[in-house]
Amino acid sequence: MSPVRQIINPYDRSVITEVEDQTRDQAISAITRARRAFDDGDWQHSSPEHRAAVLNRVADLLERDKEDIARTETLDTGKTLVESRIDVDDVTSVFRYYGNLAGLLHPKVVQGAPADVISRIDYEPVGVCGLIAPWNYPLLQMSWKVAPALLAGNTLVAKPSEITPLTTIKLFELLEEAGLPDGVANLVLGTGPEVGAPLGEHPDVDLVSFTGSLATGQRIMAAAAKTVKKVALELGGKNPNIVFADADLDTAVDYALTAAFFHAGQVCSSGTRLIVHSSIYDDFVDEVARRADRVKLGNGFDEDTESGPLVSEEHRAKVEGYVEIARQEGATLKAGGKRPDEPELQNGFFFRPTVYADCHKDMWLVQDETFGPIITAERFESEEEAVALGNNTDYGLAGAVWSQDLDKAQRVAKKLRHGTVWVNEFGAYLPQAEWGGFKRSGVGRELGTSGLHEYTEAKHVYQNLKPQAQNWFARGTGAAGKDAQ
Ligand code: NAD
1 MSPVRQIINP
11 YDRSVITEVE
21 DQTRDQAISA
31 ITRARRAFDD
41 GDWQHSSPEH
51 RAAVLNRVAD
61 LLERDKEDIA
71 RTETLDTGKT
81 LVESRIDVDD
91 VTSVFRYYGN
101 LAGLLHPKVV
111 QGAPADVISR
121 IDYEPVGVCG
131 LIAPWNYPLL
141 QMSWKVAPAL
151 LAGNTLVAKP
161 SEITPLTTIK
171 LFELLEEAGL
181 PDGVANLVLG
191 TGPEVGAPLG
201 EHPDVDLVSF
211 TGSLATGQRI
221 MAAAAKTVKK
231 VALELGGKNP
241 NIVFADADLD
251 TAVDYALTAA
261 FFHAGQVCSS
271 GTRLIVHSSI
281 YDDFVDEVAR
291 RADRVKLGNG
301 FDEDTESGPL
311 VSEEHRAKVE
321 GYVEIARQEG
331 ATLKAGGKRP
341 DEPELQNGFF
351 FRPTVYADCH
361 KDMWLVQDET
371 FGPIITAERF
381 ESEEEAVALG
391 NNTDYGLAGA
401 VWSQDLDKAQ
411 RVAKKLRHGT
421 VWVNEFGAYL
431 PQAEWGGFKR
441 SGVGRELGTS
451 GLHEYTEAKH
461 VYQNLKPQAQ
471 NWFARGTGAA
481 GKDAQ
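For the sequence shown, full-length UniProt numbering begins at 1 and goes up steadily by one.
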């Protein structure tokens, strides 16, 4: 019998529900079902318009069940209900966006082919896709994979995080209700090593798309090499938020807080690395710290809660570990650095929004992804130094620049080696715009049209309308040669 896993509400440690952790054999059965549905089923041969209509039906169902899904996400992750509602809206937009892209899957005539040749590119599905998602944006990250994979005609096996599986379970109920044929979308529940690993290893999986930590991504990439699967990776980030002295400072302070403390800092693109011009550094960091001390922590269901808890006891222990690292490295604590004092928060996995000043680029605190509500503030003197600091990371997911000199801001944006750069903004994204990382933040792109083509194979079909012997080999012995004899 499969072990039962308790799904815990991080606000108060209550048990929301129990789910069965599946075994490796069950994961392999799911892969086999997806393989059969791909090889023998109609899905890959159905029209892109038919598949797009299914995605739009899923979007309708997401709208219908929005409140229920949002509440489940808040219970499971601890994020505020307002954030969860935004997540469900974003997920719906992603299904609608890909539901409008059927036209991109139509064959494309290649221009410039020789006369008497028809050359075209067909966009075919890759096959069976293994989709692995993290716990911080459970439904959102999974939808960035499921929607384009289905539109392209693939079949799939999806594995949500074992910590926050509930909204993905719900999504799979909606996929069924929307009329997806049996075996096209398969869900496996359980731990990474048990049911995630087979998606990277098994020869019947053609593509693995993973969002999660760098260490797990490296493991999956190595496993996938054995069967040369296509690999898409969305990994971590250590994202610079650069503030010039000529920025609108009140707005920049406000965004510095949201950049780093949204969802308790458990965001891959979180702007935890604050890099501020030395002429405004002290006042700016003091103001960020002053406001950080006022962030209202609480139950995600309470309207006045601004931030919820961390996702688990284990994760909070990891985040708390950075307090000692900061002390050893000589950073100056300006706010937080501890659990909250309120009696009603003692059962949850809370950690106060934290600000460290006097940080420099070589600190582990500055280089490592804390995945918690911790700002490190560094100072810079020149534009060149700001760029150098912004790029001084193994990651390359996202960054921001704040200045009212838009030429300067754009110059800096151009030089930052990150997959998304915000100018006088932080955190916004669009389903229409590619998302992904430079350097160790990943491989490939999600969202946008690239996010669809991750799931297609481009096949070149070259048709000669007037084939004639080439007489390259054995010259003179073919029909034309015999005539000449
Ligand atoms: P994680 O790597 O621990 O787990 C991610 C998923 O992989 C989970 O479903 C887990 O069960 C599974 N997994 C674990 N070991 C596995 C294995 N050996 N084989 C296959 N699957 C395995 O990451 P996490 O803690 O859930 O998420 C946090 C990380 O995700 C952070 O590093 C964050 O930056 C990253 N993230 C990146 C993006 C992005 O868009 N780049 C978005 C969200 C989160």
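In this text, a Cβ means the ideal position worked out from N, Cα and C, and glycines have one as well. Since this is a predicted model, take the numbers as computed values, not measurements.
Residues in its own chain within less than 6 Å of Thr211 by CB, not counting five upstream and five downstream?
Reading the sequence shown from its first residue, position 211 is the one you call residue 211. Annotation for Thr211: Ala133, Pro134, Gln141 and Glu234 place their beta carbon closer than 6 Å to its own, counting only its chain and skipping 5 residues before and after.
Starting from the Cα of Gln266, find the closest Cα among Glu173, Lys79 and Pro148 and give me that residue.
Here residue 266 is taken as the residue at index 266 of the sequence shown, counted from 1. Checking every option, the nearest Cα to that of Gln266 belongs to Lys79.
Can you tell me where the beta strand (DSSP E) holding His315 begins and where it ends?
The sequence position of residue 315 within the sequence shown is 315, counting from 1. Taken as a continuous stretch (DSSP letters only), His315 belongs to no beta strand (DSSP E), being part of the alpha helix (DSSP H) at Glu313 to Glu329.
Quick check: the Cα distance between Val146 and Leu156, rounded to an integer number of angstroms?
In the sequence shown, residue 146 corresponds to position 146, counting from 1. In the sequence shown, residue 156 corresponds to position 156, counting from 1. Cα to Cα, the separation comes out at about 8 Å.
Do Gly237 and Ser450 count as a contact pair if the criterion is CB distance below 8 Å?
Here residue 450 is taken as the residue at index 450 of the sequence shown, counted from 1. Here residue 237 is taken as the residue at index 237 of the sequence shown, counted from 1. Cβ atoms of Ser450 and Gly237: not closer than 8 Å.
With C-beta atoms as the reference, is Ala149 less than 8 Å away from Gly99?
For this step, residue 149 is matched to residue 149 along the sequence shown. For this step, residue 99 is matched to residue 99 along the sequence shown. No, the pair does not count as a contact, with Cβ atoms beyond the cut-off.
What separation, rounded to the nearest whole angstrom, lies between the Cα atoms of Ala484 and His106?
If you number the sequence shown from 1, residue 484 lands on position 484. If you number the sequence shown from 1, residue 106 lands on position 106. In this prediction, Ala484 has a pLDDT of 49, which is less than 50 and means its spatial position is unreliable; what the coordinates show is noted afterwards. For Ala484 and His106, the distance between alpha carbons rounds to 47 Å.
Using the three-state DSSP reduction, which class does Gln432 fall into: helix, strand or coil?
Locating residue 432 in the sequence shown gives position 432, where the first residue counts as 1. Reduced to three states, the DSSP call for Gln432 is coil.
Can you find a CB in chain D that lies within less than 8 Å of the CB of Lys338?
The structure shown has no chain D; it contains just one protein chain.
Within the present structure, is the beta-carbon of Trp402 separated from the nearest heavy atom of ligand 1 by less than 7 Å?
Stepping through the sequence shown from its first residue, residue 402 is reached at position 402. Answer for Trp402: no, Cβ out of range of ligand 1.
Pop quiz: Gly444 and Gly419 are said to be a contact at Cβ under 8 Å. What is the actual Cβ separation, rounded to whole angstroms?
As a working note, residue 444 is residue 444 in the sequence shown. As a working note, residue 419 is residue 419 in the sequence shown. Between Gly419 and Gly444 the Cβ distance is about 10 Å, and since that is not below 8 Å, they are no contact.
At a cut of 8 Å, does the region 121-130 reach the region 70-88 through at least three beta carbon pairs?
They do not touch, by the three-pair rule.
Grouping DSSP H, G and I as helix and E and B as strand, with all else coil, what is Glu306?
Within the sequence shown, numbered from 1, the residue matching residue 306 stands at position 306. Glu306 falls in the coil class under three-state DSSP.
Rounding to the nearest angstrom, what Cα-Cα distance links Leu214 and Met221 in this structure?
For the purposes of this step, residue 214 is taken as the residue at position 214 of the sequence shown. For the purposes of this step, residue 221 is taken as the residue at position 221 of the sequence shown. Distance between the alpha carbons of Leu214 and Met221 is about 10 Å.
Using the C-alpha atoms, what's the distance from Arg219 back to Ile8?
As a position in the sequence shown, residue 8 is number 8, starting the count at 1. As a position in the sequence shown, residue 219 is number 219, starting the count at 1. About 27 Å.
At what residue ranges does the region 377-407 contain a whole run of the beta strand (DSSP E), taking only runs of 3 or more?
Uninterrupted beta strand (DSSP E) stretches at least 3 residues long and entirely within the region 377-407 occur at 398-402, given in chain order.
Under three-state DSSP, which class holds Asn464?
Numbered from its first residue, the sequence shown carries residue 464 at position 464. In this structure, DSSP gives Asn464 an extended state, which the three-state scheme calls strand.
Rank Ser161, Val401, Phe95 and Pro431 by C-alpha distance to the C-alpha of Leu175 and give the top, closest one.
If you number the sequence shown from 1, residue 175 lands on position 175. Out of Ser161, Val401, Phe95 and Pro431, Phe95 has the C-alpha closest to the C-alpha of Leu175.
For the beta strand (DSSP E) that contains Arg273, what are its first and last residues?
Position 273 of the sequence shown, counted from the first residue, corresponds to residue 273. Where Arg273 is concerned, the enclosing beta strand (DSSP E) starts and stops at Arg273 to His277.
Who are the near neighbours of Pro309 in its chain, counting only those whose CB is closer than 7 Å to its CB and skipping five residues on each side?
Residue mapping note: residue 309 aligns to position 309 of the sequence shown, counting from 1. Apart from the 5 residues on each side of it in sequence, Pro309 sits with its Cβ closer than 7 Å to the Cβ of Pro10, Tyr11, Gly78, Ala264, Gly348, Phe349 and Phe350 in its chain, given in chain order.
Hey, is the region 324-341 in contact with the region 40-58, meaning 3+ C-beta pairs nearer than 8 Å?
The answer is no - the region 40-58 does not touch the region 324-341, with fewer than three Cβ pairs under 8 Å.
Buried or exposed by the 16-neighbour rule on C-beta atoms within 10 Å, applied to Leu389
The sequence position of residue 389 within the sequence shown is 389, counting from 1. Looking at its Cβ environment, which holds 16 or more other Cβ atoms inside 10 Å, Leu389 is buried.
Leaving out the 5 sequence neighbours to the left and right, which residues in its chain are closer than 7 Å to Phe426 when beta-carbon positions are compared?
The residue you call residue 426 lines up with position 426 of the sequence shown. Excluding residues within five positions, the ones whose Cβ falls inside 7 Å are Asn241, Tyr255, Thr258, Ala259, Gly271 and Ala400.
Can you tell which of Gln111, Gly476 and Ser279 has its C-alpha closest to the C-alpha of Glu378?
Taking the first residue of the sequence shown as 1, we reach residue 378 at position 378. Cα-wise, what sits closest to Glu378 is Ser279.
Please state whether DSSP places Pro240 in a helix, a strand or coil.
Here residue 240 refers to the residue found at position 240 when the sequence shown is read from its first residue. Pro240 falls in the strand class under three-state DSSP.
Note the first and the last residue of the continuous beta strand (DSSP E) segment covering Leu187.
The residue given as residue 187 occupies position 187 in the sequence shown. Its beta strand (DSSP E) spans residues Ala185 to Leu187.
Per DSSP, Arg5 forms a beta bridge with which residues?
Taking the first residue of the sequence shown as 1, we reach residue 5 at position 5. Note: Arg5 sits in a beta bridge opposite Val19.
For Trp422, report the span of its beta strand (DSSP E) as first-last.
For the purposes of this step, residue 422 is identified with residue 422 of the sequence shown, where counting begins at 1. Its beta strand (DSSP E) spans residues Thr420 to Val423.
Where Ala479 falls, given that 16 or more other Cβ within 10 Å makes a residue buried:
Translated into positions along the sequence shown, residue 479 becomes position 479. Around the beta-carbon of Ala479, fewer than 16 other beta-carbon atoms lie within 10 Å, marking it exposed.
Kindly indicate which residue of Leu207, Tyr429, Asp282 and Leu62 has the alpha-carbon position closest to the one of Ala34.
Residue 34 sits at position 34 when you count from the first residue of the sequence shown. Comparing Cα positions, the closest option is Leu207.
With a CB to CB cut of under 8 Å and the five nearest residues on each side skipped, what residues in its chain are close to Lys296?
Within the sequence shown, the letter at position 296 stands for residue 296. The beta carbon of Lys296 is closer than 8 Å to those of Asp304, Thr305, Glu306 and Ser307 in its chain, skipping five residues each way along the sequence.
For Ala37 and Arg24, I'd like the C-alpha separation in whole angstroms.
Numbered from its first residue, the sequence shown carries residue 37 at position 37. Numbered from its first residue, the sequence shown carries residue 24 at position 24. Distance between the alpha carbons of Ala37 and Arg24: 20 Å.
What separation, rounded to the nearest whole angstrom, lies between the Cα atoms of Thr370 and Lys318?
Within the sequence shown, the letter at position 370 stands for residue 370. Within the sequence shown, the letter at position 318 stands for residue 318. Those two C-alpha atoms are separated by around 8 Å.
Note down the Cα distance separating Val366 from Ala115, rounded to an integer number of angstroms.
To locate residue 366, count along the sequence shown from 1; it is residue 366. To locate residue 115, count along the sequence shown from 1; it is residue 115. The alpha-carbon separation between Val366 and Ala115 amounts to approximately 60 Å.
Please classify Val228: does DSSP put it in a helix, a strand, or coil?
Within the sequence shown, numbered from 1, the residue matching residue 228 stands at position 228. In the structure shown, the three-state DSSP call for Val228 is coil.
So, Val205 versus Ile31, is the Cβ gap smaller than 8 Å?
Stepping through the sequence shown from its first residue, residue 205 is reached at position 205. Stepping through the sequence shown from its first residue, residue 31 is reached at position 31. In this structure, Val205 lies near Ile31, with their beta-carbon atoms less than 8 Å apart.
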